[in-house]
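> Heads up: the sequence shown is residues 0 to 249, going by numbering that gives the first Met the number 0.
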Amino acid sequence: MKEWIERRRWFARVLDLIYPGVCHACGAGISGNRALCGDCDAVLPGLRDPFCRTCGEEFEGRIDAAFECPNCRDLEFGFDFARPALPNHPVLLELIHDLKYGRKIELGNELGRLAARAFFEDPRLEAARSGLWPLVPVPLHRKRQLWRHFNQAEEIARALGGYVGLPVLRALTRTRRTDSQTRLSRSQRLKNLRGAFALSRLGRSFAATAPPGVVLVDDVFTTGATTDECARALRRGGVQKVVVVTVMRG
Ligand SMILES: [Zn+2]
Ligand SMILES: [Zn+2]
0 MKEWIERRRW FARVLDLIYP GVCHACGAGI SGNRALCGDC DAVLPGLRDP
50 FCRTCGEEFE GRIDAAFECP NCRDLEFGFD FARPALPNHP VLLELIHDLK
100 YGRKIELGNE LGRLAARAFF EDPRLEAARS GLWPLVPVPL HRKRQLWRHF
150 NQAEEIARAL GGYVGLPVLR ALTRTRRTDS QTRLSRSQRL KNLRGAFALS
200 RLGRSFAATA PPGVVLVDDV FTTGATTDEC ARALRRGGVQ KVVVVTVMRG
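And the structure:
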């Protein structure tokens, strides 16, 4: 599987040299391991105030900048806050979909670059950057990863790490396969995921040093059920603080 990924990455670079790519959104010619042209990239808006400081949900109107949405106010998460880099957008949705289901591993770079915006725009992530907190990708179940050949969260984290100067640590494993979450309500999701994540060997030895924090990385933040479970596993192991960064708010 590792070889497949390496071959695929190498192949993407060679292809890029022979045939410069086209922008995923408008079809204009581009090059340099990119999936969006400068124009399309520039119109993708980052999160705009006011947005929920816990889940990144945007709201209309004028509210105190540091507010928490009514949904999050009643919930207790294992992470401190989740910071999607961008709000829901059809272009992003397509990029993420193509990475996951089209197995276009080369899109990981563009999505990692977009996720880096969260670090550049949100001062709350400065502690993570200066403290060199590792990026921990949300794991896939081994069987699903075998089938897909790679974990999209890990591909995004690898690229993101390059843009913000943070290491990637595979600290988590998925202990059992869970049903697809898309049709489930929040409470069903929580039940579905209970105990589904554990620390990997690497994660256990890292967490045992009581590190100040980690950044959990995923493609999309939806209800937060998955990242919540992951964060709880990390905290139980000894990690003091968990923050979440995703490319998009679902
Ligand atoms: Zn374009
Ligand atoms: Zn919220």
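Every residue, glycine too, gets a C-beta built ideally from N, C-alpha and C.
In terms of residue numbering, what span does the beta strand (DSSP E) encompassing residue 196 cover?
Indexing the sequence shown from 1 puts residue 196 at position 197. Counting along the chain, the beta strand (DSSP E) containing residue 196 begins and ends at 196 to 198.
> Excluding the five sequence neighbours on either side, which residues of its own chain have a C-beta within less than 8 Å of the C-beta of residue 183, listed in chain order?
One-based indexing of the sequence shown puts residue 183 at position 184. Answer for residue 183: 191, listed in chain order.
> Please classify residue 187 as buried or exposed, where buried requires at least 16 other C-beta atoms within 10 Å of its C-beta.
Locating residue 187 in the sequence shown gives position 188, counting from the first residue. Label assigned to residue 187: exposed.
> What number of angstroms, rounded off, separates the C-alpha of residue 179 from the C-alpha of residue 220?
Sequence index remark: in the sequence shown, residue 179 carries index 180 (1-based). Sequence index remark: in the sequence shown, residue 220 carries index 221 (1-based). Taking the straight line joining both Cα atoms gives about 15 Å.
> Let me know the secondary structure DSSP gives residue 320 once reduced to three states.
Examination of residue 320 is not possible in this model, given that the chain is present from 0 through 249 alone.
> Should residue 27 be counted as a contact of ligand 1 given a C-beta to heavy atom distance under 6 Å?
Along the sequence shown, read from residue 1 onward, the residue named residue 27 stands at position 28. Yes.
> As a quick check of your reading: which residues have a C-beta less than 7 Å from at least one non-hydrogen atom of ligand 2, in chain order?
In chain order, the qualifying residues are 51, 53, 54, 56, 67, 68, 70, 71.
> Between the alpha carbons of residue 248 and residue 227, how many angstroms are there, rounded?
Taking the first residue of the sequence shown as 1, we reach residue 248 at position 249. Taking the first residue of the sequence shown as 1, we reach residue 227 at position 228. If I take the Cα positions, the gap works out to 15 Å.
> Going by the C-beta, is residue 158 closer than 6 Å to any heavy atom of ligand 1?
The residue labelled residue 158 in the question sits at position 159 within the sequence shown. Residue 158: no, Cβ never under 6 Å from ligand 1.
> What's the call for residue 213, buried or exposed, on a 16-neighbour Cβ count within 10 Å?
As a first step, residue 213 is located in the sequence shown; it is residue number 214 there, counting from the start. Buried, by the Cβ-count rule.
> Ends of the alpha helix (DSSP H) at residue 119?
On the sequence shown, position 120 is the one that residue 119 refers to. Segment 106 to 120, the alpha helix (DSSP H) holding residue 119.
> Taking the straight line between their C-alpha atoms, what separation do you get for residue 210 and residue 124?
Stepping through the sequence shown from its first residue, residue 210 is reached at position 211. Stepping through the sequence shown from its first residue, residue 124 is reached at position 125. Each residue's Cα considered, the two are about 16 Å apart.
> For residue 60, which residues in the same chain have their Cβ closer than 8 Å to its Cβ, ignoring the five residues on either side in sequence?
Taking the first residue of the sequence shown as position 1, residue 60 is located at position 61. The residues are 49.
> In terms of DSSP beta bridges, what is residue 245 paired with?
Taking the sequence shown and counting its residues from 1, the one referred to as residue 245 is at position 246. According to DSSP, residue 245 bridges with 83, 217.
> Using CA atoms only, rank isn't needed, just tell me which of 53, 90, 81, 87 is closest to residue 73.
Counting from 1 along the sequence shown, the entry for residue 73 is found at position 74. Checking every option, the nearest Cα to that of residue 73 belongs to 53.
> Alpha carbon to alpha carbon, how far is residue 151 from residue 92?
For the purposes of this step, residue 151 is taken as the residue at position 152 of the sequence shown. For the purposes of this step, residue 92 is taken as the residue at position 93 of the sequence shown. For residue 151 and residue 92, the distance between alpha carbons rounds to 13 Å.
> Excluding the 5 residues preceding and the 5 following residue 27 in the sequence, name in chain order all residues of the same chain whose CB lies nearer than 6 Å to its CB.
Taking the first residue of the sequence shown as position 1, residue 27 is located at position 28. Contacts found: 36.
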